[in-house]
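Engineer: Every letter in the sequence shown is one number past the one before it in the numbering used here, and letter 255, counting from 1, is 282. Every residue gets a Cβ at the ideal spot worked out from N, C-alpha and C, and that includes glycine.
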Amino acid sequence: MLLVIAVPKQCKGPNMMNSTRLLILAALTLPFTACSETNEPEQGITEPAVQQEAEPETAPTTPVAVVEESAGEATPAEDATPVDAGTNDKIILGKAETPAAPAAQKYEAVTHYVKLTTAQGTSSPPDVVEVAEVFWYGCPHCFNFDPVVHNWAENLPDKVNFIRLPVMWNPTNAMHARLFYTLEALGKLEEVHHAIFTEMHVNKKMLTSEAEIMNFIDRQGISTDDFRKTFRSFAVESKLNRAKNLTWRYQIQSVPLLVINGAYLTTGKGIKNFDDMLAVADELIAREQQNR
């Protein structure tokens, strides 16, 4: 699907409630930065589209430990077939199993991704590669990335599980994450997820209070009684605690980004646009699948 998209910048940091207007440029690619823990987001965002370029993202304030991958061990040859001494039979050696050739690695650590010193656990089964999109509803760049990553996730290979992880930097993030997990618990997330982005970035209503959220939920045709009962439930509190913990353990400094199997973060100066981010993710997914 070919669309024209606004600048894919990343959001960086707590207190990101205001944003400057992104310009949509037809048939042009534009710079990519991030919403981070220090920069405030832009306002006046229009509906998202697809292709964009990026300028190098600002280095994280807290450095992420990077570990280079080591080469795998070679597969040993099978033992030779035993032969009785004194016979004229030829000795036939078992043929060594040829290991599958590793996938060509186009992308490099630090430049295109970072590898955490210790891989973190995932919520997916051991034989499944998990891809987590870390995002914030208030981030204009996450708004633009949402339809792009949605289309990409629909075409992931077997045994790859795509999830979303709302970032937890500050109380505003926490309020939006609570909205996310409440809708998830009610089974309403998929039908309302993009509407939340639209409410914030098109309708300019940031949903920072419970009253604003309840008004929004009512307009979506969802029972406000059910929503209110779930909003501060134990299940939602548990999910929020986990999201906060993972934000810290993954050392998230900017969004949007993808976490591959709790080990890799798709962030680096070599990522110029959303297509680059997804291409790096594809390669990292292939590596993880090959290592299983």
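Taking C-beta to C-beta, are residue 297 and residue 135 nearer than 9 angstroms?
Structural biologist: Taking the first residue of the sequence shown as position 1, residue 297 is located at position 270. Taking the first residue of the sequence shown as position 1, residue 135 is located at position 108. In this structure, residue 135 lies closer than 9 angstroms to residue 297 by Cβ.
Engineer: Could you please give the first and the last residue of the uninterrupted alpha helix (DSSP H) stretch that includes residue 9?
Structural biologist: This structure leaves residue 9 out entirely; the chain is present only between 28 and 319.
Engineer: Over the uninterrupted beta strand (DSSP E) stretch that includes residue 39, give me the two end residues.
Structural biologist: By one-based count along the sequence shown, residue 39 stands at place 12. Unbroken beta strand (DSSP E) run through residue 39: 37-39.
Engineer: In this structure, how does DSSP classify residue 263 when only helix, strand and coil are distinguished?
Structural biologist: Here the question's residue 263 lines up with position 236 in the sequence shown. Looking at residue 263 - three-state DSSP - the assignment turns out to be helix.
Engineer: Give the secondary structure of residue 29 by DSSP, where H, G and I count as helix, E and B as strand, and everything else as coil.
Structural biologist: Position 2 of the sequence shown holds residue 29. Low confidence applies to residue 29: its pLDDT is 44, below 50, so where it sits in the model is not reliable, and the reading given next is rough at best. Three-state result, residue 29: coil.
Engineer: What residues match up with residue 162 in a beta bridge as DSSP calls it?
Structural biologist: What you label residue 162 is simply residue 135 of the sequence shown in a count that begins at 1. Paired residue(s): 193.
Engineer: Helix, strand or coil for residue 210 per DSSP?
Structural biologist: For the purposes of this step, residue 210 is taken as the residue at position 183 of the sequence shown. Reduced to three states, the DSSP call for residue 210 is helix.
Engineer: Under the three-state reduction of DSSP, which class applies to residue 306: helix, strand or coil?
Structural biologist: Numbered from 1 along the sequence shown, position 279 holds the residue referred to as residue 306. In the structure shown, residue 306 sits in a helix (DSSP, three-state: H, G or I).
Engineer: Can you find at least 3 beta carbon pairs, one from the region 260-280 and one from the region 205-222, that sit closer than 8 angstroms?
Structural biologist: Short answer: they touch.
Engineer: Using the Cα positions of residue 294 and residue 137, report the straight-line distance between them to the nearest angstrom.
Structural biologist: Position 267 of the sequence shown holds residue 294. Position 110 of the sequence shown holds residue 137. Rounded to the nearest angstrom, the two C-alpha atoms are 8 angstroms apart.
Engineer: CB-CB under 6 angstroms to residue 155, same chain, minus the five flanking residues each way: which ones, in chain order?
Structural biologist: Translated into the one-based positions of the sequence shown, residue 155 becomes position 128. Result list for residue 155: 186 and 188, in chain order.
Engineer: By DSSP, does residue 287 sit in helix, in strand, or in coil?
Structural biologist: The residue labelled residue 287 in the question sits at position 260 within the sequence shown. Reduced to three states, the DSSP call for residue 287 is strand.
Engineer: By Cβ distance, which residues of its chain are closer than 6 angstroms to residue 307, with the 5 residues on each side in sequence left out?
Structural biologist: Counting from 1 along the sequence shown, the entry for residue 307 is found at position 280. Contacts found: 134, 139, 140 and 293.
Engineer: By alpha-carbon positions, which one of 164, 291 and 182 ends up nearest to residue 199?
Structural biologist: Counted from its first residue, the sequence shown places residue 199 at position 172. The shortest C-alpha separation from residue 199 is found at 164.
Engineer: Check whether the Cβ atoms of residue 215 and residue 249 lie closer than 9 angstroms to each other.
Structural biologist: Along the sequence shown, one-based indexing puts residue 215 at 188. Along the sequence shown, one-based indexing puts residue 249 at 222. Yes, the Cβ-Cβ distance between residue 215 and residue 249 is below 9 angstroms.
Engineer: Report the residue from 278, 310, 283 and 153 whose alpha carbon sits nearest the alpha carbon of residue 143.
Structural biologist: As a working note, residue 143 is residue 116 in the sequence shown. For residue 143, the nearest C-alpha among the options comes from 278.
Engineer: Output the residue ranges of the alpha helix (DSSP H) runs that lie fully inside the region 226-275 and measure 4 residues or longer, sorted by chain position.
Structural biologist: The region 226-275 contains these whole alpha helix (DSSP H) runs: 237-246 and 251-258.
Engineer: Whose CA, out of 257, 272 and 291, lies closest to the CA of residue 194?
Structural biologist: In the sequence shown, the residue the question calls residue 194 occupies position 167. Cα-wise, what sits closest to residue 194 is 272.
Engineer: What is the C-beta distance between residue 251 and residue 244, in whole angstroms, given that I count them as a contact (C-beta under 8 angstroms)?
Structural biologist: Indexing the sequence shown from 1 puts residue 251 at position 224. Indexing the sequence shown from 1 puts residue 244 at position 217. Contact holds; Cβ gap of about 6 angstroms.
Engineer: Give me, in chain order, the residues of the same chain whose beta-carbon lies closer than 6 angstroms to that of residue 314; leave out the 5 immediate sequence neighbours on both sides.
Structural biologist: On the sequence shown, residue 314 is found 287 positions in, with the first residue counted as 1. No residues qualify anywhere along the chain.
Engineer: For the beta strand (DSSP E) holding residue 136, just list the boundary residues, first then last.
Structural biologist: Your numbering for residue 136 matches position 109 in the sequence shown. Neither: residue 136 is in no beta strand (DSSP E) and is coded neither H nor E.
Engineer: On the CB-based measure, 16 or more other CB atoms within 10 Å of its CB, does residue 312 come out buried or exposed?
Structural biologist: The residue you call residue 312 lines up with position 285 of the sequence shown. Buried, since its Cβ has 16 or more Cβ neighbours within 10 Å.
Engineer: Where residue 224 and residue 38 are concerned, what is the direct C-alpha to C-alpha distance, given to the nearest angstrom?
Structural biologist: Along the sequence shown, one-based indexing puts residue 224 at 197. Along the sequence shown, one-based indexing puts residue 38 at 11. Approximately 14 angstroms, taken between the alpha carbons.
Engineer: Please list the terminal residues of the continuous beta strand (DSSP E) segment that includes residue 61.
Structural biologist: Locating residue 61 in the sequence shown gives position 34, counting from the first residue. Residues 61-63.
Engineer: Can you round the beta-carbon distance between residue 288 and residue 145 to whole angstroms, since I take them to be within the 8 angstroms contact cut?
Structural biologist: Within the sequence shown, residue 288 is the residue found at index 261, counting from 1. Within the sequence shown, residue 145 is the residue found at index 118, counting from 1. 13 angstroms between Cβ atoms; not a contact.
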